[in-house]
Amino acid sequence: MKILAEMFSIAPANKDHQPALRCAVGVFVPLLTLVLLGRLDLAIFASFGAFTGIYGRGEPHGSRFLLQLRAGLLMLLVILLAVLAARAGAAWGLDGAGATWLLVLATTLVAGGCSVAISWLRLRPAGSLFHIFAFAAIASIPNQPPLLEGMLVAVLTTAFCLLIGFSARVLPSHRTPWVRPRPLRRTPDERRAAWLEGLGYFVAAGLAGSLATLVGQRLGFGHNYWAMVAAVVPLVGHTTVHRVRRGVQRIIGTVLGLAVLAGILLLGLAPWQTVLVIALCQFGAELFIARQYVLAQLFVTPLALISTLLVVPASPTILLRDRIAETVIGAAVGIAVVLAPVLWRRVLRPRLV
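Going by the UniProt record's numbering, 194 is the number at position 194 of the sequence shown; the sequence numbering is gapless.
Below, the structure is given as structure tokens:
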């Protein structure tokens, strides 16, 4: 009962509306600009460039700027690699199945590598969830826009989010000291922990992507990278109980979020209205992500799927079906990866000794 109560409890607020507003503006303005220009094919580059604003949420302006700069440059690298990976399949003459498995392998490498990079750069939120999502989503676009145009949108959106990050300095009452973050030095134990964490992300994402691909080929599911994203959710946390709880919360929150999404889709929104909904979902997600994960998923799920529909139109029914199926697969794999070391230490190893 205590675990169940903790799963649905909500932590007290800590000025969460401030970073939530920054993130909402950071995605709304670039997307609305693309709507006005008639270039929704570039919307996905703006959406992931705007992830820059998620980092350094509670830091003073100086630290926030440098942390967001590091995060933004890493995300731009991931976006560039995704664009190149999308073109690699055709360049190498791979068929549909071959391209799918290439994407799973590449996304798995991104999952492990970016996890290590995030840890090394001392960025929060921890882990490579956003990088897995960005890489796989962009690399999966069937009709890729020109590389330079996509990268330009991503760079400009990143720069805009950096500007928003320290814009409050114009108000003396909100101005914080311009202090640099501490130097990036890590002890041997911290380096070892970073590599072990990266290995966990590599294993969880790889297993989930492979399983989702095999199941998808048999049952007709798509979007296997959603399973890879869900698989790394339980890897964040200080205790095994907390990590398992996050995996269960991901499934519950996704189901509830899909109900919200179904209601939104019934409205038949115009593109500019869709962009407004995306901004509101971004605001809600950042408002609750650190306080109540299930509640945050009510906004995260529509945010992810509406952003996908904005670039690659598809059947809403198929998207809803794929989302829940891939989330269950991924979260189950992630929980298994979390529990495997515990099972080894407490059950299997003592028997072998």
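Each residue gets a CB set at the ideal place from its N, CA and C atoms; glycine is no exception. Here the structure is a predicted model, which is why all the values come from computation and not from measurement.
Test item: CB-CB of residue i and residue j under 8 Å
| i | j | result |
| --- | --- | --- |
| G257 | L298 | yes |
| V83 | L40 | no |
| F160 | P30 | yes |
| G247 | G334 | yes |
| L156 | Y55 | no |
| A154 | G49 | yes |
| C281 | L303 | yes |
| I279 | F28 | It should be pointed out that residue 279 corresponds to Ala in this sequence rather than to Ile. Result yes, Cβ atoms of A279 and F28 sit closer than 8 Å. |
| T301 | L261 | yes |
Spatial distance of residue i from residue j (CA atoms)
| i | j | result |
| --- | --- | --- |
| P183 | F135 | 29 Å |
| V275 | R218 | 35 Å |
| E59 | W92 | 45 Å |
| W195 | G268 | 46 Å |
| E326 | V179 | 43 Å |
| S140 | G216 | 15 Å |
| H238 | R245 | 12 Å |
| S9 | R291 | 8 Å |
| I324 | P313 | 19 Å |
| L343 | G222 | 32 Å |
| L73 | A43 | 19 Å |
| L103 | V25 | 32 Å |
| N14 | F283 | 15 Å |
| G253 | F51 | 21 Å |
| V229 | L207 | 12 Å |
| L152 | V241 | 43 Å |
| M75 | W226 | 18 Å |
| L319 | G220 | 12 Å |
| S210 | A204 | 10 Å |
| A336 | T176 | 43 Å |
| W120 | A99 | 31 Å |
| R192 | A71 | 22 Å |
| L305 | V110 | 22 Å |
Selection from the options that minimises the alpha carbon distance to residue i
| i | options | result |
| --- | --- | --- |
| L80 | G150, A227 and V229 | G150 |
| L129 | A325, R250, R291 and G263 | R250 |
| P341 | P313, Y293, R185 and L199 | L199 |
| G165 | L339, S9, P12 and R22 | R22 |
| L235 | A304, P12 and L339 | L339 |
| V232 | T254, P142 and T108 | T108 |
| Q144 | W101, G89 and S63 | G89 |
| P12 | I132, I289 and T308 | I289 |
Buried versus exposed call for residue i [16 or more other C-beta atoms within 10 Å across all chains shown]
| i | result |
| --- | --- |
| N224 | buried |
| G127 | buried |
| S315 | exposed |
| A86 | buried |
| E197 | buried |
| H17 | exposed |
| G38 | exposed |
| Q273 | exposed |
| D322 | buried |
| L287 | buried |
| S167 | exposed |
| R243 | buried |
| T158 | buried |
| T308 | buried |
| A97 | exposed |
The ligand FMN heavy atom lying under 7 Å from the CB of residue i
| i | result |
| --- | --- |
| R250 | Looking at this structure, you won't find the ligand FMN or any other ligand, since it has none at all. |
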